[in-house]
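Undergrad: This structure is in C-alpha cells; I'll ask about it shortly.
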Amino acid sequence: MSPKLKAAGLTLLAALLWGCAPVGTRYLVGDSHAALPPLPFIALRYLIASLFFIPVLWGELRRWPRSELVLGAFCGLVGVMGYNLPNVIGSRTVSAGMAGLLNGVEPLLIVLLLALQQRKLPARWTLLAGAVGMCGIGLLALSAGPAVGDARGIALLLLGALCWAAYCVIAAPLLQRRGALAMTAITVIAGTLPLLAAGLPGMPGMMLQMSRVQWEILAGLSVGTSVIAIVAWNAGSAGLGAEQSAWFLYLLPVVSAAGGTIVLGEPLTLTEFSGGGLIMLSVFLSQRK
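Here you go:
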C-alpha cells in the first residue's frame, strides 16, 4: 500500500468516527436524552483517553525541545479544549444532525486560515465559497427551534469548528517532525488538564448516576473518537497535508445527520437540508484550483 493511500485510509477512518461523535454526545448530554452535565462528561471522556497516552508522553518529554513542547501544548489547548468545550455545551440544545452540518464548515475554515498563514489573498473561488458558506449557516440559524437548536448552541459549535481548523493548520509542522502518536499524546494530555479543572467537581456525582449503556457509549467516544480517531487523523494529515485531509471532513455532516435521524429520531427540515447543502457547496468551491 502506498504511503498516500495509507494516509487517505487513516483520514477516512477518523472522519467516519468523528461523524458518529455528535450522535453519542447528543445522547449523553442532550436536554431531551440522558442530560448528563457537559463539563464533567467531557472531562471524564478525555481523562479516559489520556490514560492511553501517558506512557507515550513520558518518553517524549525528554526528546522534544522546550519550544516544541510549548507549541504542542498550545495545540492541545486549541484542538482538544478549544474544540470540545464549546462543542459539548452546544450539543445540549443542538441536534446531532445540525451539529454535523455545522462541522461541515471546517474544511472551508482550514483553507481560509492557510491563506492567512501564507499571507496571500484567497483565490476567487475561496471568496465565493466563503459567501456561499455564510448563506448556509444563515439558513441553519433561521431553522433553529427548540427541537433542533438555538442561536447560542450554533455559535458555540461554530467556535469549536474554528478552533479545530486552527489546530489543523498550527499542528502541521510538528506532525511532520515528530509523528502522529507523539503529537497526539502531548496535545490530548495538554488539552485534558483544563477540562479536568472545569469538570472534576461534578464528576463523582455524575459517575454514580450513569447507567451501563451510558458507560458503554462514553467508552466508545473516549476510545473511538478521542484516541483512535485523533491518532488516525494526525497520521493521515501528516501524509496528506492540512488542505488535502480537509476533503474527508465532507463526511461529517452525512454521518451525523444519518445517525441523528436513525438513532435519536431527530427530524431534519428542508431548511436544514438547504443550509447544509450550501455549506457543502462552499467546501467544494473552496477546493477548486
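Going by the numbering used here, the sequence shown opens with residue 582, and the numbers climb by one from there.
Here a beta-carbon is modelled for each residue, glycine too, at the ideal position from N, C-alpha and C.
None of these values were measured; they are calculated from a predicted model.
Is the stretch 674–683 close to the stretch 599–615, with three or more CB pairs under 8 Å?
TA: yes
Undergrad: Does the stretch 587–601 come within contact of the stretch 808–815, defined as at least 3 CB pairs closer than 8 Å?
TA: yes
Undergrad: Which residue marks the beginning of the alpha helix (DSSP H) containing isoleucine 809, and which one marks its end?
TA: Counting along the chain, isoleucine 809 falls outside any alpha helix (DSSP H), and DSSP gives it neither H nor E.
Undergrad: Just the Cα atoms here: how many angstroms apart are valine 905 and phenylalanine 829?
TA: As displayed, the chain neither begins before 582 nor continues past 870, which places residue 905 out of reach and without an answer.
Undergrad: Identify whether alanine 615 lies in helix, strand or coil by the three-state DSSP scheme.
TA: coil
Undergrad: Spell out a yes or no on whether the stretch 625–645 and the stretch 767–777 are touching, meaning 3 or more CB-CB pairs, one atom from each, closer than 8 Å.
TA: yes
Undergrad: Taking just the CA atoms, how far does leucine 666 sit from cysteine 656?
TA: 15 Å
Undergrad: To the nearest angstrom, report how far apart leucine 694 and arginine 700 are at their CA atoms.
TA: 10 Å
Undergrad: Please state the DSSP three-state secondary structure of methionine 784.
TA: helix
Undergrad: Report, in whole angstroms, the separation of the C-beta atoms of valine 686 and glycine 734, which I expect to be a contact under 8 Å.
TA: That belief does not hold up - the Cβ atoms of valine 686 and glycine 734 are roughly 15 Å apart, past 8 Å.
Undergrad: Do the stretch 741–754 and the stretch 611–623 make contact, defined as three or more Cβ pairs closer than 8 Å?
TA: no
Undergrad: Looking at glutamate 853 and alanine 763, is the spacing between their C-beta atoms short of 7 Å?
TA: No, the Cβ-Cβ distance between alanine 763 and glutamate 853 is not below 7 Å.
Undergrad: Please report the straight-line C-alpha distance between leucine 737 and leucine 720, rounded to a whole angstrom.
TA: Approximately 17 Å between the Cα atoms of the pair.
Undergrad: What would DSSP say about glutamate 641, mapped onto helix, strand or coil?
TA: helix
Undergrad: Taking the continuous alpha helix (DSSP H) assigned at phenylalanine 634, which residues delimit it?
TA: Where phenylalanine 634 is concerned, there is no enclosing alpha helix (DSSP H), given that its DSSP letter is neither H nor E.
Undergrad: Am I right that isoleucine 691 and alanine 746 are in contact with their C-beta atoms under 8 Å? What's the rounded C-beta distance?
TA: About 5 Å separates the two Cβ atoms, so the contact holds.
Undergrad: Of the residues Gly653, Ser863, Thr842 and Ser792, which one's Cα is nearest the Cα of glycine 772?
TA: Gly653
Undergrad: Please report the residue range of the alpha helix (DSSP H) in which glutamine 757 lies.
TA: Counting along the chain, the alpha helix (DSSP H) containing glutamine 757 begins and ends at 732–759.
Undergrad: Pick from Leu862, Thr806 and Gly820: whose alpha carbon is nearest that of glycine 600?
TA: The option with the nearest alpha carbon to glycine 600 is Thr806.
Undergrad: Give me the Cα-Cα distance between leucine 617 and glycine 841, rounded to the nearest whole angstrom.
TA: 18 Å
Undergrad: Using 7 Å as the threshold, is the C-beta distance between alanine 710 and leucine 697 below it?
TA: no
Undergrad: Buried or exposed: proline 619, going by 16 or more other Cβ atoms within 10 Å of its Cβ?
TA: Counting Cβ neighbours within 10 Å, proline 619 comes out buried, since at least 16 surround it.
Undergrad: At what residues does the alpha helix (DSSP H) containing serine 803 begin and finish?
TA: Run containing serine 803: none; DSSP gives neither H nor E here.
Undergrad: In this structure, how does DSSP classify glycine 726 when only helix, strand and coil are distinguished?
TA: Low local confidence applies: a pLDDT of 49 at glycine 726 is under 50, so the model's placement there is unreliable, with the coordinate-based value given in what follows. Glycine 726: coil per DSSP, three-state reduction.
Undergrad: Alpha carbons only, please: which of Pro584, Leu586, Leu609 and Leu591 is nearest the one belonging to glutamine 790?
TA: Leu609
Undergrad: Work out the CA separation of serine 792 and leucine 708 for me, nearest whole Å.
TA: 48 Å
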